[in-house]
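Asker:
Numbering (the working numbering), first residue to last: 1407 to 1740.
1. With distances taken Cα to Cα, identify the nearest neighbour of residue 1678 among 1651, 1667, 1472 and 1664.
2. Do you know how far the Cα of residue 1596 is from the Cα of residue 1449?
3. How long is the line joining the alpha carbons of residue 1501 and residue 1545, rounded to whole angstroms?
4. Going by DSSP, what residue range makes up the alpha helix (DSSP H) through residue 1593?
5. Can you tell me where the beta strand (DSSP E) with residue 1506 in it begins and where it stops?
6. Return yes when the Cβ of residue 1632 is within less than 8 Å of the Cβ of residue 1739, no when it is not.
7. Name the DSSP beta bridge partners of residue 1516, please?
8. Just checking, does the segment 1607-1625 make contact with the segment 1528-1548 on the three C-beta pairs under 8 Å criterion?
9. With a CB to CB cut of under 7 Å and the five nearest residues on each side skipped, what residues in its chain are close to residue 1519?
10. Please say whether residue 1525 and residue 1480 have beta carbons closer to each other than 8 Å?
11. Between 1477, 1487 and 1478, which has its C-alpha nearest residue 1468's C-alpha?
12. Return helix, strand or coil for residue 1416, following the three-state DSSP convention.
13. Does the beta-carbon of residue 1718 have 16 or more other beta-carbons within 10 angstroms, so that it is buried, or is it exposed?
14. Which two residues bound the contiguous alpha helix (DSSP H) that contains residue 1624?
15. Per DSSP, residue 1436 is paired with what?
16. What span of residues does the beta strand (DSSP E) with residue 1469 cover, start to end?
17. By DSSP, does residue 1683 sit in helix, in strand, or in coil?
18. Tell me, to the nearest whole angstrom, how far the beta carbon of residue 1503 is from that of residue 1531; I am working on the premise that it is less than 8 Å.
19. Just curious, the beta strand (DSSP E) that residue 1521 is in, first and last residue?
20. Could you say which of 1671, 1447 and 1642 lies nearest to residue 1582 if we only look at CA atoms?
21. Once DSSP output is grouped into helix, strand and coil, what is the label at residue 1431?
22. Going by beta carbon distance, what residues of the same chain come within less than 6 Å of residue 1587, once the five residues before and after it are set aside?
23. Output needed for residue 1556: all residues of its chain with C-beta closer than 6 Å, excluding positions within five of it in sequence on either side, in chain order.
24. What separation, rounded to the nearest whole angstrom, lies between the Cα atoms of residue 1602 and residue 1672?
25. Which residue wins for smallest C-alpha separation from residue 1737, given the options 1722, 1495 and 1730?
26. Does DSSP put residue 1677 in a helix, in a strand, or in coil?
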């Protein structure tokens, strides 16, 4: 009995020592990270950094967190942020965001509010912490741009990211939003007659993106990985009687311009065309000409309400066959 008690006491003392050393290392690691960012010219401040959770957890909490990267113009403010991990599995963490936070970009500032936003993150067991998989969920999400004061809302948002085992820089992404309600000014611009419901019926995407480097610590500390190839298995949006589906693949050139083809299936496409005119994306004259051509294509396909449209991306432009539609988006991450 005495021997057993001794073994238990030694094991408890050993585990306590391990936890204390680990807790000290975690706290000092974060403190050092803030110091290095400040030396690089960042704003990197927190009023409190504390690691707790004895005996089985390393739970680190930050209070009054402010991070700002002057090189990219990105900034983040949060009253608190938590990184939770099991002490025997430190490469699997749970990140917990506050109910309200502020994100600033060179374009605008955004107030992000949610009932519960958290992510499960698994990294490789290397000092660079390469991302293996991530699952992020947010409930009752509201995003309000400072310039318009018009919120975008979603009942729930889910994002899943998994590294492709055969390609270290490729990741499969799944996105789904439930009860998405676009901002009022955006809805009025697209649908001035108010025929569409306030909420989208569905918004989801399944795609694989290959970047120029892995997502790891350097993505925050140095520069964001840039997309090089995007394969869309299926992206879908349903809004009332309108429905869009897209699939295809593009490569991304050095300037961030996509090159390739994406096929879009549009149901009730005439209403979508009217929305493009109302939003200023297409001029009325060009839209009328385009409608005549698309009507012919739809009739040839046997369904005048549904279109399969191949969109070609090249030379920084989006084309329907040989007809240029608009400038292509620039796919660069700041």
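For every residue, glycine included, the Cβ atom is placed at its ideal position computed from N, Cα and C.
Answerer: Let me spell this out:
1. Working through the chain shown from its first residue, we reach residue 1678 at position 272. Of 1651, 1667, 1472 and 1664, the residue nearest in Cα terms is 1651.
2. For the purposes of this step, residue 1449 is identified with residue 43 of the chain shown, where counting begins at 1. For the purposes of this step, residue 1596 is identified with residue 190 of the chain shown, where counting begins at 1. Taking the straight line from one Cα to the other gives about 39 Å.
3. Locating residue 1501 in the chain shown gives position 95, where the first residue counts as 1. Locating residue 1545 in the chain shown gives position 139, where the first residue counts as 1. Those two C-alpha atoms are separated by around 15 Å.
4. Taking the chain shown and counting its residues from 1, one reaches residue 1593 at position 187. First-last of the alpha helix (DSSP H) with residue 1593: 1590-1596.
5. One-based indexing of the chain shown puts residue 1506 at position 100. 1506-1510 is the span of the beta strand (DSSP E), which, as asked, contains residue 1506.
6. Reading the chain shown from its first residue, position 333 is the one you call residue 1739. Reading the chain shown from its first residue, position 226 is the one you call residue 1632. Yes, Cβ-Cβ distance for residue 1739 and residue 1632 is below 8 Å.
7. Along the chain shown, read from residue 1 onward, the residue named residue 1516 stands at position 110. Its beta-bridge partners are 1509 and 1551.
8. yes
9. Working through the chain shown from its first residue, we reach residue 1519 at position 113. So the list reads 1505, 1506 and 1548, once near-sequence residues are dropped.
10. Position 74 of the chain shown, counted from the start, is the residue given in the question as residue 1480. Position 119 of the chain shown, counted from the start, is the residue given in the question as residue 1525. Not a contact, by the Cβ cut-off of 8 Å.
11. Translated into the one-based positions of the chain shown, residue 1468 becomes position 62. Considering only alpha carbons, the answer is 1487.
12. Position 10 of the chain shown, counted from the first residue, corresponds to residue 1416. Any reading at residue 1416 needs caution, since the residue's pLDDT is 40, under 50, leaving its predicted position unreliable; the model's value is listed next. Helix at residue 1416.
13. The residue given as residue 1718 occupies position 312 in the chain shown. Burial call: buried.
14. The sequence position of residue 1624 within the chain shown is 218, counting from 1. 1624-1627 is the span of the alpha helix (DSSP H), which, as asked, contains residue 1624.
15. As a working mapping, residue 1436 is identified with position 30 in the chain shown. Residue 1436 is not bridged to any residue.
16. Taking the chain shown and counting its residues from 1, one reaches residue 1469 at position 63. Per DSSP, residue 1469 belongs to the beta strand (DSSP E) from 1463-1475.
17. One-based indexing of the chain shown puts residue 1683 at position 277. Of the three classes helix, strand and coil, the one that applies to residue 1683 here is helix, per DSSP.
18. The residue labelled residue 1503 in the question sits at position 97 within the chain shown. The residue labelled residue 1531 in the question sits at position 125 within the chain shown. In fact, because the Cβ distance is near 25 Å, the residues do not count as touching under 8 Å.
19. Reading the chain shown from its first residue, position 115 is the one you call residue 1521. Segment: none, residue 1521 is in no beta strand (DSSP E) and carries neither H nor E.
20. Within the chain shown, numbered from 1, the residue matching residue 1582 stands at position 176. If we check each option's Cα against that of residue 1582, 1642 comes out closest.
21. Here residue 1431 refers to the residue found at position 25 when the chain shown is read from its first residue. Helix at residue 1431.
22. Walking along the chain shown from the start, residue 1587 turns up at place 181. Excluding sequence neighbours, residue 1587 sits near 1559, 1604 and 1605.
23. On the chain shown, position 150 is the one that residue 1556 refers to. Excluding positions up to five away in sequence, the list reads 1589, 1590 and 1591.
24. Position 196 of the chain shown, counted from the start, is the residue given in the question as residue 1602. Position 266 of the chain shown, counted from the start, is the residue given in the question as residue 1672. For residue 1602 and residue 1672, the distance between alpha carbons rounds to 16 Å.
25. Here residue 1737 refers to the residue found at position 331 when the chain shown is read from its first residue. Residue 1737 has its Cα closest to that of 1722, out of 1722, 1495 and 1730.
26. Numbered from its first residue, the chain shown carries residue 1677 at position 271. If DSSP states are grouped into helix, strand and coil, residue 1677 belongs with the helices.
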